[in-house]
Amino acid sequence: MKFEKRELLIEDLSIDKKENSMTVEGYTLKWGSMSNPIATADGFFYENFAMGAFDETLQNDEQLVLYGHDINQVLGRTSNNTALLVADEAGLHLTVDLPNTTLGKDVLELVKRGDIAGMSVGFIKQEDSFERVDGDIVRTINKAKLVEVSLVPMPAYDSSDVSQRSMEGLQDLLEQEQKQKELRQRLLLLAQI
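Per full-length UniProt numbering: the sequence shown ends with 193, consecutive numbering throughout.
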């Protein structure tokens with residue numbers, strides 16, 4: 001299983017307005033919300049996360065909050081309650097109490113200025129599915145291990161982190177569609193005889 005990350009623009013990243021507060025919160029992702037196109041060798045697909053995709057990992061595993069996916073720039077962690085991740089009806093919500101350090105203060109200022117406008121989830125896919133929707137291929141992450149959430153200055157999908165192994169479902173769908181196309185062509189030829 002390969003580590004993947006998805007970076008999303010967060011429209012409601014907010015700061016606790018209480019004096020001296022260093023709390024930042026927002027939705028890291030919303031269930032069923034479609035991604036931008038993600039490129040593969042065979043074309044592209046869209047992606048979304050199913051409600052409940054992180055339920056098991058949120059109960060059993062520790063998650064880190066990082067700046068820019070840098071393990072050396074930790075902003076919080078769930079095991080010591082400096083970060084709280086909650087899966088609700090809308091999506092995966094993060095509340096993080098930034099550290100009273102140079103990094104924490106810098107990140108808070110960048111959020112206030114709007115320079116940090118996104119979050120990214122780092123995950124390991126456990127179960128996914130592919131289907132065609134209105135002619136487009138859509139990957140749904142049904143279950144995943146959430147490793148980290150990062151505050152990022154430039155929210156954009158990074159398709160290079162999608163592994164070949166995670167695309168097995170996509171390959172199966174494309175092969176099945178090709179077989180159906182070939183079968184239809186054979187049936188048309190038989191009908192002409």
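Beta carbons are placed, not taken as given, at the ideal position from N, Cα and C, and that holds for glycine.
Using the C-alpha atoms, what's the distance from Thr-57 back to Val-86? 11 Å
Go ahead and pull the three-state DSSP assignment for Thr-140. strand
Give the DSSP-derived three-state secondary structure of Gly-104 in the structure shown. helix
If I measure Cβ to Cβ from Thr-82 and keep anything under 6 Å in the same chain, skipping five residues before and after, which residues do I get? Gly-76, Asp-97
Would Glu-127 pass as a contact of Gln-63 if the rule is Cβ separation under 8 Å? no
Close Cβ partners of Lys-179 (< 8 Å) along its chain, the five nearest in sequence each way excluded: none
Excluding the 5 residues preceding and the 5 following Gly-91 in the sequence, name in chain order all residues of the same chain whose CB lies nearer than 6 Å to its CB. Tyr-27, Leu-29, Lys-30, Trp-31
Can you tell me the Cα-Cα spacing of Gln-192 and Lys-181, whole angstroms? 17 Å
Would you decide whether Ala-144 is buried or exposed? Buried here means 16 or more other CB atoms lie within 10 Å of its CB. buried
Once DSSP output is grouped into helix, strand and coil, what is the label at Glu-47? strand
Rank Ser-33, Gly-104, Met-22, Thr-78 by C-alpha distance to the C-alpha of Thr-140 and give the top, closest one. Ser-33
Within 10 angstroms of its Cβ, does Phe-44 collect 16 or more other Cβ (buried), or is it exposed? exposed
Does DSSP put Gln-73 in a helix, in a strand, or in coil? strand
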